[in-house]
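The sequence shown begins at 4 in the numbering used here and counts up by one.
Have a look at the structure below, then the notes.
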Amino acid sequence: MSGTNSPEAVKKLLENMQSDLRALSLECRKKFPPVKEAAESGIIKVKTIAARNTEILAALKENSSEVVQPFLMGCGTKEPKITQLCLAAIQRLMSHEVVSETAAGNIINMLWQLMENSLEELKLLQTVLVLLTTSTVVHDEALSKAIVLCFRLHFTKDNITNNTAAATVRQVVTVVFERMVAEDERHRDIVEQPVLVQANSNRRSVSTLRPCAKDAYMLFQDLCQLVNADAPYWLVGMTEMTRTFGLELLESVLNDFPQVFLQHQEFSFLLKERVCPLVIKLFSPNIKFRQGSSASSSPAPVEKPYFPICMRLLRVVSVLIKQFYSLLVTECEIFLSLLVKFLDADKPQWLRAVAVESIHRLCVQPQLLRSFCQSYDMKQHSTKVFRDIVNALGSFIQSLFLVPPTGNTAAANQAGNNNVGGPISAPASTGMLGIGGGVTLLPAFEYRGTWIPILTITVQGSAKATYLEMLDKVEPPTIPEGYAMSVAFHCLLDLVRGITSMIEGELGEVETECQTTTEAASSPTQSSEQQELQSTSDQLDTEIVSRAVWEEMVNACWCGLLAALSLLLDASTDEAATENILKAELTMAALCGRLGLVTSRDAFITAICKGSLPPHYALTVLNATTAATLSSKSYSIQGQSVMMISPSSESHQQVVAVGQPLAVQPQGTVMLTSKNIQCMRTLLNLAHCHGAVLGTSWQLVLATLQHLVWILGLKPSSGGALKPGRAVEGPSTEPSLFAVAKLLETGLVNMHRIEILWRPLTGHLLEVCQHPNSRMREWGAEALTSLIKAGLTFNHDPPLSQNQRLQLLLLNPLKEMSSINHPDIRLKQLECVLQILQSQGDSLGPGWPLVLGVMGAIRNDQGESLIRTAFQCLQLVVTDFLPTMPCTCLQIVVDVAGSFGLHNQELNISLTSIGLLWNISDYFFQRGEIIEKELNKEEAAQQKQAEEKGVVLNRPFHPAPPFDCLWLCLYAKLGELCVDPRPAVRKSAGQTLFSTIGAHGTLLQHSTWHTVIWKVLFHLLDRVRESSTTADKEKIESGGGNILIHHSRDTAEKQWAETWVLTLAGVARIFNTRRYLLQPLGDFSRAWDVLLDHIQSAALSKNNEVSLAALKSFQEILQIVSPVRDSDKPETPPAVNVPVPVLIGSISGPSLSRPFVRTDSIGERLGRYSSSEPPIVTDELEDLNLWWAAWNTWYRIGSESTKPPITFDKLTFIPSQPFLTALIQIFPALYQHIKTGFNMDDLQKLGVILHSAVSVPISSDASPFILPSYTEAVLTSLQEAVLTALDVLQKAICIGPENMQIMYPAIFDQLLAFVEFSCKPPQYGQLETKHIANAKYNQIQLFAPAEWVALNYVPFAERSLEVVVDLYQKTACHKAVVNEKVLQNIIKTLRVPLSLKYSCPSESTWKLAVSSLLKVLSIGLPVARQHASSGKFDSMWPELASTFEDFLFTKSIPPDNLSIQEFQRNESIDVEVVQLISTEILPYANFIPKEFVGQIMTMLNKGSIHSQSSSFTEAEIDIRLREEFSKMCFETLLQFSFSNKVTTPQEGYISRMALSVLLKRSQDVLHRYIEDERLSGKCPLPRQQVTEIIFVLKAVSTLIDSLKKTQPENVDGNTWAQVIALYPTLVECITCSSSEVCSALKEALVPFKDFMQPPASKVQNGES
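Here is the structure:
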């Protein structure tokens, strides 16, 4: 009021008052003098008051009756101008609050009069308003009178007045209640003793109310009366009233001043007793009315609903429910039920629309809804109001679709307006509006041909009604199509939004409170535990109560909501609407999830899921996937079944994707619309934001997403994320990989707590890995391996290195994949291993056995690429990771590497794996000490565990120390590979095994060698021998592909032979180089025997390669020297005298010339074998036994291998030359060790073997390589070896003791046997051999079956002969040689080639034989003469004679091509023989048997004349005469015939006899010549006959010469007679034509002159 209180304002007021009064007096001067006077006195009064009082305003108020009086009088004049002036002046006073109660009363009375006179109506209203609003001086009757005045003005004829009055009434009513509120405010602090009011006390008992309250009470009560068409109690003077206006006033009071009714019981009473019954009564026509029912059907005519009242009633009800629900629980139940009823389909459209608007007003008030739920739905025997509202909305929406609205037929009776109005009445089904040629789609719902547009009616969350605000309409308005639907739709959305935000808000509070409480509980500052417990329990109680309410609310509304939303979702053609519906469903699903309401949650989710999938698809899939979860859950709304309405097919949605359905049977394509995609997006949001509350409905979500992913053709990419893949054309057999991809993602994002889900997760994926479909399997494996890799690289806490259990857990599935047989899975598994190795290899630790196990689990039949990948892993391990893995895993590495060697898919892998084993062995060697320490530690730990458990520690090769066991495992593995079916693998493994043992064997404990020998080496030998002997002899055509196989390897047998060779050689080498280690082992001699047995069986195998190699091995072990201790042992105390290496014997022989002393290649690590024991020296005796065992083996090999087979065919095995050579070459070395005990028997055995060996033929295929050409006189190496062997023996005998010399003859026998070979090659069993010269080894016969060729034995025999001569020269006088008739044997042997002479295979033979004979005889004959008396040589002489005879008069014919020079050379040889006879034999005739000498003489006789065979033919024309020889014989004959040293008569007899024979022969030759000459006429005789006759003639002359030189007494008379008898014959020859004959004849005839003497008295003639 400061504005009206200030001095200036007061001064202004006074001025204005005076001017008003002046104006009034002026106006009334003429007509109304009393008024003028009053005015003037009023001026004086005002001035007086102003002058006298300081509080001018208060004084004015006191005197206001007087001050106002002139103005009232002015109004009384009823003159418009005066009245207006007065009313303005009065208003000015009022506005300064200087009007007293009395004055006010007077003013009201005055106004009433004006009103009754209908004057200045608007000014009146203004004045009343100013009066009532500026001060509170008007009370009770005056107030009621003022109010009635306004009401009366409302009902005038003037529209403007009416409206102004209406507005004034509203304002006045408001003022009345505002006063009451202000009054309450003032009295709020004064605590009053409440007066007890009886419940049914009289409505008039208002005595307890204060003045303003009382006015308000009276006013409100009368308003009720008026609306009810009853007389008012207080508002006296009302003449008329409308219900609509009354209802509006009631509504505004209730709406604006709810606190009044809530704080004052009197008012509450009015509400209950007056307002509610009134509303219910007024509603009755609406309730009873049924649209379309004829009047005649009911007895009494039904009053039609009246829009203005009905609409206002609903507004009142809205206010009542909103503001006074707590007071009017029962009444509200009735109101709400009515509202629900008004939605029925048989109510007029406008009524339904207004009812929906009213319900919308409730739906935006969640707390109110909550109260409904608590007050009705949760009470027994009460209407389920909340549920009904929701269901009613649902039914309402459904009815709009199912019963198409027929415009406003209900309103048509009243309004006569059937037009739905506007462009919306275009054909409803199209939903299209053509605008400027373009086509736009109106937002709308469309369902089964019913098209309902969606109107934008409200901002979300506020219920702004359209029809509830149409207070000026009397007729029911036309409701646009779609309006009711739009409102109902928004009701649903707001309902969901409200409920969820409220419940979630409260839930959040509860949760935070719980947290704070628990935090407080945990903090020690709490004052008293009691208090804390109290508060907690209170909280729990309230929470329980609240939760019950929340659950009830959700349970009450979800069915209806779901039914309605699903229907709308299906019908929606607008993206925004769809979005809202989905949001609502999503929100509800999440809420139900939070509250743990499974059924409802699943139902909402199912709805979203179905919306995501194509129309008829959803049913099949979701019903299939959710049949189990939802079978028992079909639900109903008040008996209406709410099975989801299946989506309509003819939707106007845009198709955005076409794909294949995910089904077992192909079903053609399906289409996804943009709405499906929207639903899918919602589904994803749901899963994304509310995953925590989805629980079991994850299955629905995932199943649906799986199908969508499938239809959209999304394919998983790495890490499980889905990317668009190629669209599936046509029905696909591919599986859906969705589940696997999502499992993978789940695992990857939950790595921090992977332990919880690892087993089920990987267990499931392992099953997927065994799926029959390869794509599915592939993804199972992809997922599994990705998880394992991620798990290993994830930064766990604690890290994996400290959490071995977790590491093993993570790796375990990798191992379990090994039990799956699909190669694609195994490939993934191995690739994973490879990647793990590359990234985590250094930190695998205890995971190594698993990882290695995976590599090792690859089986042979699993394909090359698998094996290759696994092998790559292994290579990586061996090259990079051996040092980082626990030593206990090394054995596994060995096993795995070995297993790859045995794989037969890919040869290169097997070979490389053997290389790896070599690398591993190297690693063992380099890190030996570290590994040994670690293994021993581990062993001790295991031993302890085993003892605690009371079990025996079980590991391979147990008693050996663990490090040695590691080696033994390695050896055993290599040993297995040595008997692999593939030759290349065997070869490589064998080489590696022996290299390894050779290089690193010294690391082993001494005792372990026992195992190496028996368990590894001999075991291997046994297996190889068995395989070799049983190997297939079939020819292998080619080695796979186009590889040609060399003929030496073209059968399995030949390939095994190579292995046998390698193995045997390896073992032998180890025996050789490590003998110093092996001999101290207890059973060395047994091992030696076994080794020899192996050598023997190999040597006797029917394979040249093996047998030869066996001998090489034999040679190797025979080079062994006696065991020598190492001279630089690190740990041997220096005091020990180290023996010097000693060589046993001096080994000699062509290939064994170097002495062998053992040296050890590895830095001598042998100290540990014998640091404690003194050096052991093996006793000689045991050594001898070993050597004799070797000799026996050698003998067995020799006798078996060279024994000729009984029958021969193509396949007969005949030992090869190199084999036999090697065999024989072994003997000299062996002999060095056994010579002390070597006796005659042994020599016999040796001889048999040597003889057989030399007799073995060779195949014609091999002959060009082994044999020299026939003409070359070269020995084969075998023959050399045989001679060497005998040489060694002979030398040994030579320097040996006496008793050895008895072996000489045996050696001669042996050699002589060989000499015989020159003319008579040895037979080899029944085998037919060709002579080498005839062997066909020309190219044409390349593929003919092999023929056997006897060797060219000539050079050998000749060399043997030289040896014989040599030896005989040395030993001729030995007793044994004399006794055993060696000389006779030599002669006997030589007789063969000598008698053959030209028929010998080689001419060198007989020449050598001759020269040898001469040499031998030159030595032997003196010895023979020496022993003549003993008769030891008796049998030799005839042999010798025959030999001379056979040689000198050979039956063989010289070859045609013999040159003169050759012939002469040969003749000179014959001459030498005769010379020998003349020098060595004939002179000693007295020591020589007579017969022998006789034979010699006969021979010489025979030789002295070269006789021709008597049958002379042309063919023999070329025979050459041996003139020199004859001459020599002749001379020798003569020499001995006429020698003057004839000592015995016998000799002379031989000479005489020889002479007569000689002469007789000469005679014969001459006679024959003469005959031939005569016959031949002019033809010259053949050359040789001429030569012969010349020779005879020469002989005759020589004879006569000789006879003349001899003393006469020595010549027999008979002889002379024979000589002379020749003369006539000689003379007859004179006629011959040959000049040469003539000259010879001349020489022959000349000596006869000596016989020309006169005849003696008695001359005895010789007889012919």
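Beta carbons: idealized from backbone N, C-alpha and C, even for Gly.
Status (buried if at least 16 other CB within 10 Å, exposed otherwise) for residue i
i, result
"Q326", "buried"
"T882", "exposed"
"C494", "buried"
"G1085", "exposed"
"S1255", "buried"
DSSP-derived helix/strand/coil call for residue i
i, result
"A1138", "The predicted model places A1138 with a pLDDT of 38, which falls under 50 and marks its position as unreliable, so this point remains unresolved."
"A784", "helix"
"K831", "helix"
"T1054", "strand"
"T676", "strand"
"K1038", "strand"
"N416", "Confidence at N416 is low in this model, with a pLDDT of 38, below 50, so its placement is unreliable and the value that follows should be read with caution. Three-state result, N416: helix."
"I1261", "strand"
"Y1626", "helix"
N-terminal and C-terminal residue of the beta strand (DSSP E) that residue i is part of
i, result
"E449", "447 to 450"
"K726", "725 to 727"
"W454", "453 to 456"
"L717", "717 to 719"
"A660", "658 to 662"
Span of the alpha helix (DSSP H), counted from its first residue to its last, around residue i
i, result
"L910", "910 to 929"
"A579", "578 to 598"
Own chain residues within Cβ distance below 6 Å of residue i, not counting five before or after
i, result
"E254", "R318, V319, V322"
"L790", "G750"
"L879", "L840"
"F1724", "Because the chain in this structure spans residues 4 to 1667, residue 1724 falls outside the shown range and cannot be described."
Own chain partners of residue i with C-beta closer than 8 Å, once the 5 adjacent residues on each side are dropped
i, result
"L371", "I324, K325, Y328, L365"
"A1309", "M1243, L1246, Q1247, G1250"
"C892", "W851, P852, L855"
"W1190", "L1233, H1236, I1237"
Cut-off 7 Å between Cβ atoms - residues of its own chain near residue i, not counting five sequence neighbours on either side
i, result
"T1680", "Shown here, the chain extends from 4 to 1667; a query on residue 1680 therefore has no answer."
"L1121", "A1193, I1229, A1232, L1233"
"N1140", "Below a pLDDT of 50, predicted positions are generally treated as unreliable, and N1140, at 37, falls in that range; the measurement from the model is reported next regardless. Result list for N1140: empty, nothing under 7 Å."
"L1399", "C1322, W1409, S1455"
Any non-hydrogen atom of the ligand MN within 7 Å of residue i CB
i, result
"D1473", "Of ligands this structure carries none, so the ligand MN is not represented either."
### Message
Count Cβ pairs between the segment 1244 to 1261 and the segment 1283 to 1291 that sit closer than 8 Å; are there 3 or more?
### Response
Touching, yes.
### Message
Under 8 Å: do the segment 1030 to 1039 and the segment 992 to 1006 share three or more Cβ pairs, one atom per stretch?
### Response
Contact between the segment 1030 to 1039 and the segment 992 to 1006 is absent, with fewer than three C-beta pairs closer than 8 Å.
### Query
Does the pairing of the segment 549 to 565 with the segment 598 to 617 give three or more beta-carbon distances under 8 Å?
Two segments are said to touch when three or more pairs of C-beta atoms, one from each, lie closer than 8 Å; by this definition the segment 549 to 565 touches the segment 598 to 617.
### Query
Do the segment 1002 to 1019 and the segment 942 to 950 meet, that is, are 3 or more Cβ pairs less than 8 Å apart?
No, because fewer than three Cβ pairs between the segment 1002 to 1019 and the segment 942 to 950 fall closer than 8 Å, the two stretches do not touch.
### Query
Counting Cβ pairs closer than 8 Å, one from the segment 496 to 514 and one from the segment 269 to 280, do we hit at least three?
Contact between the segment 496 to 514 and the segment 269 to 280 is not established, with fewer than three Cβ pairs separated by less than 8 Å.
### Message
Tell me whether the segment 1412 to 1419 and the segment 1385 to 1396 touch, counting them as touching only if at least three CB pairs, one residue from each stretch, are closer than 8 Å.
### Response
A contact exists between the segment 1412 to 1419 and the segment 1385 to 1396.
### Task
Could you tell me whether the segment 1588 to 1595 touches the segment 1606 to 1619, where touching means 3 or more Cβ pairs closer than 8 Å?
Per the Cβ contact rule, the segment 1588 to 1595 is not in contact with the segment 1606 to 1619 (fewer than 3 Cβ pairs under 8 Å).
### Task
Inspect the CB distances between the segment 856 to 874 and the segment 933 to 940 and report whether three or more fall short of 8 Å.
Put simply, the segment 856 to 874 does not touch the segment 933 to 940. Fewer than three CB pairs are less than 8 Å apart.
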